[in-house]
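Remarks on the structure that follows.
Put into structure tokens, the structure is as follows:
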């Protein structure tokens with residue numbers, strides 16, 4: 001049975017004490033964690049929700065952080081590395097994750113440290129040479145997922161793919177999918193699964209189903225941990241905070257090229273041009289490197305950019321729809337979204353409108 005961590009619970013191994021820390025509420029512990037990370041050449045990540053730490057007496061000698069299903073900021077004082085202590089630290093953070101109902105876990109590390117995590121039961125997903133390795137705690141995770149995808153493979157010379165968050169689904173998304181489908185023998189459409197957008201994953205998936213009706217050569221897939229998720233592309237979900245420079249686009253794109261695309265026989269990846277969002281624009285630019293160039297043993301995938309459709313001289317964007325929704329300007333939204341989207345906005349999301357007062 002997994003050890004429960006609802007309160008600070010000390011676990012003693014010889015003279016070492018392992019326990020959990022809430023870095024938001026416990027500023028003293030957080031300061032010690034930041035100092036240990038700095039000594040180990042790491043920086044503190046604000047999104048971490050909990051740490052398992054180890055003390056030898058009063059000295060903090062190890063820590064490991066957890067953000068949802070991602071293990072981060074693993075640091076061990078050089079004098080304590082190796083042996084059972086390292087394995088114990090990873091075991092404790094894994095117990096913490098399991099107590100929160102998280103079984104599939106991911107970890108980012110520098111390639112030089114990947115062997116340590118392999119020894120703790122993690123398996124390689126993808127490596128960006130000299131930069132980062134992403135691992136998961138099962139030998140069959142990505143294999144099982146790709147085997148499931150392969151059962152939906154459709155024969156053809158030109159097989160396309162679109163990955164969309166569609167927050168919400170606009171006429172721009174419909175146009176992109178229509179144009180991509182016309183250019184291909186078959187098109188695979190993936191919805192980003194992470195439920196951190198204004199519109200829930202359930203609603204976004206429903207709108208995709210409704211709004212691609214009439215396009216005969218499209219398969220709609222559910223999203224997964226392995227495609228534009230907090231594990232593969234974390235800063236996509238923090239783009240409003242300006243975190244662009246640290247984007248790990250290469251990890252997400254190499255996962256797609258090495259595993260997902262071969263399972264479906266994808267030859268082309270379609271994207272809309274991005275005039276508004278720096279993070280998405282960077283992702284589109286990086287696609288041309290990590291999908292097309294000679295950076296992988298997997299076959300190259302051609303990246304095709306499709307010019308965004310416009311209304312009244314402006315490119316349609318989901319962010320503009322959200323802005324108008326918050327202002328309660330439903331009639332302006334009507335020209336930017338398909339009927340199914342507008343109906344859902346009116347029935348379920350109109351209450352998001354903020355009252356406008358004169359000042």
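Residue numbers (UniProt numbering): 1 to 359.
The C-beta atom is built at its ideal place from N, Cα and C for all residues, glycine as well.
Since we're looking at a predicted model, the values are computed, not measured.
Going by CA-CA distance only, name the one from the options that's closest to residue i.
i: residue 268; options: 187, 331, 274; result: 187
i: residue 265; options: 29, 154, 21; result: 154
i: residue 91; options: 71, 110, 350, 109; result: 71
i: residue 140; options: 129, 150, 335, 123; result: 123
i: residue 86; options: 138, 16, 320, 323; result: 16
i: residue 180; options: 30, 272, 53; result: 272
i: residue 253; options: 84, 50, 293; result: 293
i: residue 224; options: 256, 119, 212, 185; result: 256
i: residue 277; options: 315, 219, 159; result: 315
i: residue 343; options: 185, 219, 206, 42; result: 206
Under the rule that 16 or more other beta-carbon atoms within 10 Å means buried, what is residue i, buried or exposed?
i: residue 113; result: exposed
i: residue 115; result: exposed
i: residue 166; result: buried
i: residue 147; result: exposed
i: residue 28; result: exposed
i: residue 137; result: buried
i: residue 200; result: exposed
i: residue 191; result: buried
i: residue 101; result: exposed
i: residue 79; result: exposed
i: residue 341; result: buried
i: residue 73; result: buried
i: residue 222; result: exposed
Per DSSP, what kind of secondary structure is residue i in: helix, strand or coil?
i: residue 272; result: strand
i: residue 134; result: strand
i: residue 145; result: helix
i: residue 341; result: helix
i: residue 175; result: helix
i: residue 151; result: coil
i: residue 17; result: strand
i: residue 310; result: strand
i: residue 42; result: coil
i: residue 315; result: strand
i: residue 166; result: coil
i: residue 333; result: helix
i: residue 33; result: helix
Tell me the rounded alpha-carbon separation between residue i and residue j.
i: residue 55; j: residue 275; result: 50 Å
i: residue 104; j: residue 96; result: 13 Å
i: residue 288; j: residue 132; result: 20 Å
i: residue 58; j: residue 32; result: 11 Å
i: residue 369; j: residue 46; result: Coverage of the chain is limited to positions 1 through 359, which leaves residue 369 absent and any answer about it impossible.
i: residue 173; j: residue 63; result: 43 Å
i: residue 204; j: residue 228; result: 15 Å
i: residue 317; j: residue 305; result: 16 Å
i: residue 106; j: residue 69; result: 6 Å
i: residue 75; j: residue 40; result: 6 Å
i: residue 329; j: residue 197; result: 20 Å
i: residue 66; j: residue 51; result: 6 Å
i: residue 352; j: residue 157; result: 45 Å
i: residue 217; j: residue 162; result: 13 Å
i: residue 37; j: residue 61; result: 10 Å
i: residue 377; j: residue 25; result: The chain is shown only over 1 to 359; residue 377 falls outside these bounds and no answer can be derived.
i: residue 301; j: residue 119; result: 34 Å
i: residue 23; j: residue 35; result: 13 Å
i: residue 332; j: residue 313; result: 14 Å
i: residue 347; j: residue 110; result: 48 Å
i: residue 171; j: residue 280; result: 18 Å
Does the ligand NAD have a heavy atom nearer than 7 Å to the CB of residue i?
i: residue 329; result: Only the bare structure without any ligand can be found here, which leaves the ligand NAD out of the picture.
Segments of 3+ residues assigned as beta strand (DSSP E) that fall wholly inside the stretch 177-212: Along the stretch 177-212, the beta strand (DSSP E) occurs as fully enclosed runs of 3 or more residues at 186-191, listed in sequence order.
Length at least 4, wholly inside the stretch 248-308: the alpha helix (DSSP H) runs in chain order: Entirely contained in the stretch 248-308, the alpha helix (DSSP H) runs reaching 4 residues are, in chain order, 249-255, 261-264, 278-290.
Length-filtered (4 minimum) alpha helix (DSSP H) runs lying within the stretch 50-127: DSSP runs (the alpha helix (DSSP H)) wholly in the stretch 50-127: 83-99, 114-118.
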